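Report on the structure given below.
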Amino acid sequence: MNRHRKITTALCAALLGNLLTLPVMGQVLSTRPMEEKEPGMKEIQAALDQTMNKLNELVPSPKMLGDAKFRKENGEKVAPILMKLARLKKEIATNPQWTAMQHGRGMNPEMDRLHILGIAMALGDKDAEKILTEAAASKDATQVIHAKLAIAVGNWIMNSEDAKAQQKVLDDCAAIAKANPEDDAIALTLIGLTQIGSANQEMPDKVIEVIRANLTGNLARTAVARWDVEKTKKNTDGKPQGQ
Numbered sequence: 271m272n273r274h275r276k277i278t279t280a281l282c283a284a285l286l287g288n289l290l291t292l293p294v295m296g297q298v299l300s301t302r303p304m305e306e307k308e309p310g311m312k313e314i315q316a317a318l319d320q321t322m323n324k325l326n327e328l329v330p331s332p333k334m335l336g337d338a339k340f341r342k343e344n345g346e347k348v349a350p351i352l353m354k355l356a357r358l359k360k361e362i363a364t365n366p367q368w369t370a371m372q373h374g375r376g377m378n379p380e381m382d383r384l385h386i387l388g389i390a391m392a393l394g395d396k397d398a399e400k401i402l403t404e405a406a407a408s409k410d411a412t413q414v415i416h417a418k419l420a421i422a423v424g425n426w427i428m429n430s431e432d433a434k435a436q437q438k439v440l441d442d443c444a445a446i447a448k449a450n451p452e453d454d455a456i457a458l459t460l461i462g463l464t465q466i467g468s469a470n471q472e473m474p475d476k477v478i479e480v481i482r483a484n485l486t487g488n489l490a491r492t493a494v495a496r497w498d499v500e501k502t503k504k505n506t507d508g509k510p511q512g513q
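Residue numbers for the sequence shown follow the numbering used here, beginning at 271 and rising by one.
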């Protein structure tokens with residue numbers, strides 16, 4: 271999995287650095303969910319590898335997605351690759367061998383798929399936006415949450431130069447978090463937002479405050495604690511000697 275983390279650990283919810291995100295986001299957008307020797311899964315694995323190689327070529331760093339100029343110039347090339355990746359994730363999610371193998375391991379290719387669609391939406395793909403809008407209105411409560419989070423990811427990236435619009439995204443995420451305080455998927459998404467496309471230097475701190483105020487799960491508490499430690503260390507290191 272390590273050779274694919276350059277993009278997948280940060281895309282999701284890209285989405286996405288330092289602190290807790292790099293080791294954790296791989297749970298959201300892992301591209302190697304099965305062993306290559308699993309019977310009947312080799313074709314999907316090969317397609318995943320090929321697709322991720324193309325994605326890595328076009329997006330060497332996930333932080334590039336936070337650049338409006340990059341999105342405008344490269345969206346038409348990158349979005350189709352993301353859409354293919356989302357289709358592969360759907361194949362995995364509906365594959366009985368995958369379901370049996372991953373039972374109890376906490377991996378969620380359907381969540382992956384929706385977050386990938388959120389990034390494709392940010393790059394201008396209307397089909398991705400349509401799929402997410404429909405999923406957000408479904409009768410499946412879990413799918414609704416993941417779809418709304420994926421839409422939040424897309425809107426956050428699209429508004430990388432608009433702090434007011436990103437604040438609206440945070441407000442929407444806060445409402446979801448308040449209604450589902452123990453959901454680590456929400457924490458993962460919010461952690462991702464701190465790592466890419468923030469409109470100003472204050473936005474990452476505001477994201478963490480949403481986590482602090484609304485989420486009570488282990489991941490949320492760990493993320494907040496690590497953020498506080500890193501911020502304290504940064505502030506201390508930046509002080510002149512003698513203070």
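Even for Gly, the Cβ is constructed at its ideal location relative to N, Cα and C. Quick caveat, the model's predicted, so the values are computed rather than measured.
Asked	Found
Burial state of residue 495 (16 or more Cβ within 10 Å)	exposed
Same chain only: Cβ atoms within 6 angstroms of residue 470, ignoring 5 sequence neighbours per side	433
Euclidean distance between Cα positions of residue 439 and residue 312	39 angstroms
Buried versus exposed, by CB contacts within 10 Å (16 or more), residue 348	buried
Nearest-angstrom beta carbon gap, residue 383 and residue 359 [assumed within contact, 8 angstroms]	4 angstroms
DSSP state of residue 463 mapped onto helix, strand, coil	helix
Reduced DSSP secondary structure (H/G/I, E/B, other) of residue 487	coil
Straight-line Cα distance separating residue 437 from residue 481	14 angstroms
Residue ranges of each alpha helix (DSSP H) within the segment 331-419, 4 or longer	338-363, 366-372, 379-392, 396-406
Test item: CB-CB of residue 389 and residue 352 under 8 angstroms	yes
Same chain, Cβ closer than 6 angstroms to residue 463, five either side skipped, listed in chain order	426, 477
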